[in-house]
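Notes follow once the structure below has been shown.
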Amino acid sequence: MSYRSLVPLFLGGLLMACSVRPAMALHAGEGAELTVAHANGISLSLKGSLLGVGGEAREFVYAGPGSGGLPADYKVSELIWEIKSLAMAGGTASLQVGQALRFNIGAWFGLNAGDGGMEDYDWLEPSIDDWTHFSESEVDIEAAYSIDLNASLALFELGPFQISGIAGYKHDFWEWSDFGGTYIYSDSGFRSDVGSFGGANGIDYEQTFDIPYIGAQVATTGSELRASAYLLYSPFVTAEDKDHHIFRDLYFREEFEDGDFIAVGGDVSLDLTEALFVSCSVDVQVIPEFTGNLYSKEGINGAESMSKDGAGIQNIVSAFSASAGIRF
Numbered sequence: 051m052s053y054r055s056l057v058p059l060f061l062g063g064l065l066m067a068c069s070v071r072p073a074m075a076l077h078a079g080e081g082a083e084l085t086v087a088h089a090n091g092i093s094l095s096l097k098g099s100l101l102g103v104g105g106e107a108r109e110f111v112y113a114g115p116g117s118g119g120l121p122a123d124y125k126v127s128e129l130i131w132e133i134k135s136l137a138m139a140g141g142t143a144s145l146q147v148g149q150a151l152r153f154n155i156g157a158w159f160g161l162n163a164g165d166g167g168m169e170d171y172d173w174l175e176p177s178i179d180d181w182t183h184f185s186e187s188e189v190d191i192e193a194a195y196s197i198d199l200n201a202s203l204a205l206f207e208l209g210p211f212q213i214s215g216i217a218g219y220k221h222d223f224w225e226w227s228d229f230g231g232t233y234i235y236s237d238s239g240f241r242s243d244v245g246s247f248g249g250a251n252g253i254d255y256e257q258t259f260d261i262p263y264i265g266a267q268v269a270t271t272g273s274e275l276r277a278s279a280y281l282l283y284s285p286f287v288t289a290e291d292k293d294h295h296i297f298r299d300l301y302f303r304e305e306f307e308d309g310d311f312i313a314v315g316g317d318v319s320l321d322l323t324e325a326l327f328v329s330c331s332v333d334v335q336v337i338p339e340f341t342g343n344l345y346s347k348e349g350i351n352g353a354e355s356m357s358k359d360g361a362g363i364q365n366i367v368s369a370f371s372a373s374a375g376i377r378f
């Protein structure tokens, strides 16, 4: 069994056995209660986290306007990039100011290349409803990181629950490289050409997201064992992706604006002492497909052409985290 195949087993065992606290995977969450102990009304907590992350990213190419009679939204290509068996590590710092206001900042970075794949579908014959070209390959996650900065304000209490409002900003980056794989093409007849790429690197791909968001959190209070849950939303996601088809030396760059972002998550935490706490958490974030402009060129120094609304982007990620922290 390879080292990479052991990663998800290790993470799963750690989550069940350790249950460590706050970083709400990929979200700089509230974490443990902070007692305002200092005369200046300020308290601080620091947490470290280990995450197991999975999901997928999708890139789409559409015919766009002026495509020889094809509808502008005719789908030409769709590529599915897996995020699988990815381990990430990072931490969160939280600053409590007074009784109601808290600032949180968190960052998490990929530790391994994951264990996923990529599927590439093309619809190159409009008279045929199904795909005409297909390929699949293994992928390495070359880089992955997430940075989250937010502020929360306690609004009111309902019995043992405290309701808080959240406003923040998030930056996510993902990068893949594919290797080897097989293909089914329709160059000489419908799905008649079958072969393999050997072990060569055929496509490099990356996605970048910038996300201002608002949300709400509900958390229990006044106990050593606590739970919390949150909901985040944004209609103002901006994104960029880059795709290099190495065999054909084609470069694609896409820019997107005003996408949606939805994230939900929750955690359970336990105080070990007055200063130390541990927890586990689960988070899911969804960026549904939205379209933008596609820029393409042949060769790194080639002339770039633009297709309005010729591209689409999508990203769905879930994470389980185990964290440990200390309060000051």
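Quick note: the working numbering has the sequence shown finishing at residue 378, numbered continuously throughout.
Note that the Cβ used here is the ideal one computed from N, Cα and C, for glycine as well.
Nothing here was measured: the structure is a model prediction, and the numbers come from that model.
Practice prompt. Decide if Q149 is buried, meaning its Cβ has at least 16 other Cβ atoms within 10 Å, or exposed.
Written response: Here residue 149 corresponds to residue number 99 of the sequence shown, with the count starting at 1. By the neighbour-count rule (16 or more Cβ atoms within 10 Å), Q149 is not buried but exposed.
Worksheet item: Taking buried to mean at least 16 other C-beta atoms within 10 Å of its own C-beta, is G118 buried or exposed?
Response: Within the sequence shown, residue 118 is the residue found at index 68, counting from 1. Residue environment analysis places G118 among the exposed positions, since fewer than 16 neighbouring C-beta atoms fall within 10 angstroms of its C-beta.
Worksheet item: Whole-angstrom Cβ separation of Y263 and S278, contact assumed at under 8 Å?
Response: Within the sequence shown, residue 263 is the residue found at index 213, counting from 1. Within the sequence shown, residue 278 is the residue found at index 228, counting from 1. At roughly 17 Å, the Cβ-Cβ gap does not stay under 8 Å, so Y263 and S278 are not in contact.
Worksheet item: Does the segment 247 to 259 come close enough to the segment 197 to 211 that 3 or more CB-CB pairs lie under 8 Å?
Response: no
Discussion item. Quick check on DSSP: helix, strand or coil for P115?
Written reply: Along the sequence shown, one-based indexing puts residue 115 at 65. Under the three-state reduction of DSSP, P115 is assigned to coil, being neither helix nor strand.
Worksheet item: So, is G352 buried or exposed, given that buried needs 16 or more other C-beta atoms within 10 angstroms?
Response: Along the sequence shown, read from residue 1 onward, the residue named residue 352 stands at position 302. G352 should be labelled exposed.
Fill in: C-alpha distance - I296 paired with E348, whole-angstrom precision
Working through the sequence shown from its first residue, we reach residue 296 at position 246. Working through the sequence shown from its first residue, we reach residue 348 at position 298. So the two alpha carbons sit approximately 10 Å from each other.
Worksheet entry | DSSP state of R71 mapped onto helix, strand, coil | The sequence position of residue 71 within the sequence shown is 21, counting from 1. Per-residue confidence for R71 stands at a pLDDT of 30, beneath the threshold of 50, marking its modelled position as unreliable; no derived number is given.
Worksheet item: Do the CB positions of H77 and D198 come within less than 8 Å of each other?
Response: Position 27 of the sequence shown, counted from the start, is the residue given in the question as residue 77. Position 148 of the sequence shown, counted from the start, is the residue given in the question as residue 198. In contact: H77 and D198 (Cβ atoms closer than 8 Å).
Worksheet item: Going by DSSP, which residues form a beta bridge with L322?
Response: The sequence position of residue 322 within the sequence shown is 272, counting from 1. For L322, which the question treats as bridged, DSSP gives no partner whatsoever.
Worksheet item: Which residues mark the beginning and the end of the beta strand (DSSP E) in which H294 is found?
Response: For this step, residue 294 is matched to residue 244 along the sequence shown. Unbroken beta strand (DSSP E) run through H294: 275 to 295.
Practice prompt. Give the range of the beta strand (DSSP E) segment to which F259 is assigned.
Written response: Here residue 259 corresponds to residue number 209 of the sequence shown, with the count starting at 1. Residues 251 to 270.
Discussion item. Could you give the first and the last residue of the continuous beta strand (DSSP E) run that contains Q212?
Written reply: By one-based count along the sequence shown, residue 212 stands at place 162. Where Q212 is concerned, the enclosing beta strand (DSSP E) stretches over 211 to 235.
Worksheet entry | Nearest-angstrom beta carbon gap, G362 and Y112 [assumed within contact, 8 Å] | Numbered from its first residue, the sequence shown carries residue 112 at position 62. Numbered from its first residue, the sequence shown carries residue 362 at position 312. With 8 Å as the limit, Y112 and G362 qualify as a contact, their Cβ atoms being about 7 Å apart.
Discussion item. If you follow the beta strand (DSSP E) that L205 is in, where does it begin and where does it stop?
Written reply: Position 155 of the sequence shown, counted from the start, is the residue given in the question as residue 205. Taken as a continuous stretch (DSSP letters only), the beta strand (DSSP E) holding L205 covers 183 to 208.
Worksheet item: Does DSSP classify Y124 as helix, strand or coil?
Response: On the sequence shown, residue 124 is found 74 positions in, with the first residue counted as 1. Three-state DSSP puts Y124 in coil, outside helix and strand.
Item to complete: Would you mind working out which of Q335, S331, L94, H183 sits nearest H238, comparing C-alpha positions?
Response: Start at 1 with the first residue of the sequence shown, and residue 238 comes out as number 188. Note on residue identity: the sequence assigns Ser, not His, to residue 238. Each of Q335, S331, L94, H183 was checked against the Cα of S238, and the nearest Cα belongs to H183.
Worksheet entry | Contacts around F110, its chain only, beta-carbon distance under 6 Å, and the 5 residues preceding and following it disregarded | On the sequence shown, residue 110 is found 60 positions in, with the first residue counted as 1. Hits under 6 Å: E128, G362.
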